[in-house]
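Visitor:
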Amino acid sequence: GVRTVAVYSTADARSPHVSAADEAVCVGPPASGSSYLDVGRVCRAAELTGADGVHPGYGFLSENADFARAVEGLDVTDPTDGDGDGGPRTAAKSGRKVRFVGPSSSAIAAMGDKIQSKLIAEAADVTTIPGHDGAVDSAEHAVEIARGIGYPVMIKASSGGGGRA
Numbered sequence: 266g267v268r269t270v271a272v273y274s275t276a277d278a279r280s281p282h283v284s285a286a287d288e289a290v291c292v293g294p295p296a297s298g299s300s301y302l303d304v305g306r307v308c309r310a311a312e313l314t315g316a317d318g319v320h321p322g323y324g325f326l327s328e329n330a331d332f333a334r335a336v337e338g339l340d341v342t343d344p345t346d347g348d349g350d351g352g353p354r355t356a357a358k359s360g361r362k363v364r365f366v367g368p369s370s371s372a373i374a375a376m377g378d379k380i381q382s383k384l385i386a387e388a389a390d391v392t393t394i395p396g397h398d399g400a401v402d403s404a405e406h407a408v409e410i411a412r413g414i415g416y417p418v419m420i421k422a423s424s425g426g427g428g429r430a
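One point on numbering: in the numbering used here, the residue at position 149 of the sequence shown is 414, and numbering is uninterrupted.
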């Protein structure tokens, strides 16, 4: 089977995902911005354990293109105990790349921008709902666009999500 590694904050040390994993690495204190959302800490956990792949889970960094890009750039390491005394581990680069288990960083970036993602969908002949494919400059501009589309309308920011602290 596939060995699993869980990351956790100090507040989650006794969580089910930690005990269910073959190995677990603490990535920081309870505040998500200092643990689960810290790309460097999560990537160091992957390096420390010699992970072949990283699944981002759901929420937190799962929609973060910078995180996917960072993982795509990691080299798989072969963790060792150095001298075998049970002390701190070291890691030697193996030359293999860590795989991000999910969409590519470029796909995450494109889907994070609602205007860009709609243009991609339309170019692929995917049916989309009527809407505006550009920036809205003012409230008056929004009313003008809404009248052209027809009511009811929904207004959303063109980007968002992606595990921001």
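Think of the CB as a built atom: it goes at the ideal place given N, C-alpha and C, for glycine as much as any other residue.
How long is the line joining the alpha carbons of K362 and S369, rounded to whole angstroms?
Guide: The straight-line gap from Cα to Cα measures roughly 14 Å.
Visitor: For I457, which residues in the same chain have their Cβ closer than 7 Å to its Cβ, ignoring the five residues on either side in sequence?
Guide: No information on residue 457 is available, as it lies outside the stretch 266 to 430 that the chain covers here.
Visitor: Check A286 in the structure and name its three-state DSSP category.
Guide: Coil.
Visitor: Could you please give me the residues that DSSP links to G318 through a beta bridge?
Guide: Paired residues: R364.
Visitor: Measure from the alpha carbon of L326 to the alpha carbon of each residue in G315, V307, D340, then state which is nearest.
Guide: The residue with the shortest Cα to Cα distance from L326 is V307.
Visitor: From K421 to H320, what does the alpha carbon distance come to, in whole angstroms?
Guide: Answer to the nearest angstrom: the Cα atoms are 28 Å apart.
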